[in-house]
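Q: Here it is: the structure, laid out below.
Protein chains in written order, with my numbering: chain Y, 1 to 114; chain P, 115 to 231.
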């Protein structure tokens, strides 16, 4: 039972263009969403988060959008840089039910071509 | 380095042997989580502690797995009688939870890669 789904295993984008990574969830109890970035042989690194009371959160080149009615969130990276090439994980938590533990998607491999 | 530290980084063991991993969280963090990641999948929750209390264990955590966090500081994850299916990356994360129930984002260590042969 995959509660968090990242349906695109990989994405290839030209340097300078926008990267859009998508994530869908099924559990309506989720109220906090995060994106993590992972390089090979390293642990996931926190990138950006959004609470369910918001529909957008921006941090520099990274913006996360949340559509609660569609149970969908997306991460926009603009402009994309070669150093952004990594695996991106979407994660969700239900703060009252699950003790803030994270439920992760399977990840999307982003390749930014120079 | 004040991040989450895990030891060892890599472990190769024969099937049936016991292994133990250690995690040192960020010092002021009171929540500590263990996750497991297999190839092509995202991390899966195993268990978590608030201070020294183990508050939840996933169904993924069979009886062969045990975790401790004595004194609410470092944590150990032990796997007894390892099986080939235990081969995975074991990740530790920590966060600081406030009295309101809100917490900081989880900071992950670099993980311990276990290979059971």
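Where is the CB? At the ideal position from N, CA and C, for every residue including glycine.
1. Using a beta-carbon distance cut-off of less than 8 Å, what residues from the segment 178–205 of chain P approach chain Y?
2. Output the boundary residues of the beta strand (DSSP E) element that contains residue 226/P.
3. Below 8 Å, can you find three or more Cβ-Cβ pairs linking the segment 217–228 of chain P to the segment 174–190 of chain P?
4. Between the beta-carbon of residue 22/Y and the beta-carbon of residue 74/Y, is there less than 8 Å?
5. Looking at the C-beta of residue 44/Y, does it have a partner C-beta in chain P at a distance below 8 Å?
6. Less than 8 Å between the beta carbons of residue 205/P and residue 107/Y, yes or no?
7. In chain P, which residues lie with their C-beta within 9 Å of the C-beta of residue 49/Y?
8. Where does residue 31/Y fall in DSSP's three states?
9. Should residue 132/P and residue 198/P be called a contact, given that it needs their Cβ atoms to be closer than 8 Å?
10. Look at residue 173/P and residue 162/P and say whether their C-beta atoms are less than 8 Å apart.
11. Checking 8 Å against the spacing of the C-beta atoms, do residue 38/Y and residue 104/Y come in under that value?
12. Is the shortest distance between the beta-carbon of residue 100/Y and the beta-carbons of chain P less than 8 Å?
13. Can you give me the C-alpha to C-alpha distance between residue 66/Y and residue 139/P, rounded to a whole angstrom?
14. For residue 121/P, report the span of its beta strand (DSSP E) as first-last.
15. Taking DSSP's pairing of strands, which residues face residue 236/P in a bridge?
16. Output yes or no for whether 8 Å exceeds the beta carbon distance between residue 109/Y and residue 40/Y.
17. Along chain P, which residues have their Cβ under 8 Å away from the Cβ of residue 30/Y?
18. Can you tell me where the beta strand (DSSP E) with residue 114/Y in it begins and where it stops?
19. Should residue 14/Y go down as buried or exposed, given a rule of 16 or more other Cβ atoms within 10 Å for buried?
20. Have a look at 156/P, 166/P, 192/P, 185/P and flag the residue whose alpha-carbon is nearest the alpha-carbon of residue 5/Y.
21. What number of angstroms, rounded off, separates the C-alpha of residue 69/Y from the C-alpha of residue 207/P?
22. Tell me the rounded alpha-carbon separation between residue 141/P and residue 159/P.
23. In the DSSP assignment, what residue or residues form a beta bridge with residue 173/P?
24. Using a threshold of 8 Å, state whether the C-beta atoms of residue 45/Y and residue 32/Y are closer than that.
A: To lay it out plainly:
1. 205
2. 226–230
3. no
4. yes
5. yes
6. No. Outside cutoff.
7. 219
8. coil
9. no
10. no
11. no
12. yes
13. Straight-line Cα distance between these residues: approximately 31 Å.
14. 119–121
15. There is simply no residue 236/P to check, as chain P begins at 115 and stops at 231 in what is shown.
16. Not closer than 8 Å, so no.
17. Under the 8 Å cutoff, chain P gives no residues; its nearest Cβ is about 14 Å from residue 30/Y.
18. Taken as a continuous stretch (DSSP letters only), residue 114/Y belongs to no beta strand (DSSP E), as it is neither H nor E.
19. exposed
20. Nearest Cα to residue 5/Y within the set 156/P, 166/P, 192/P, 185/P: 156/P.
21. So the alpha carbons of these two residues sit roughly 31 Å apart.
22. A straight-line Cα-Cα distance of about 22 Å links residue 141/P and residue 159/P.
23. The partner list for residue 173/P (beta bridge, DSSP) is empty, contrary to what the question assumes.
24. no
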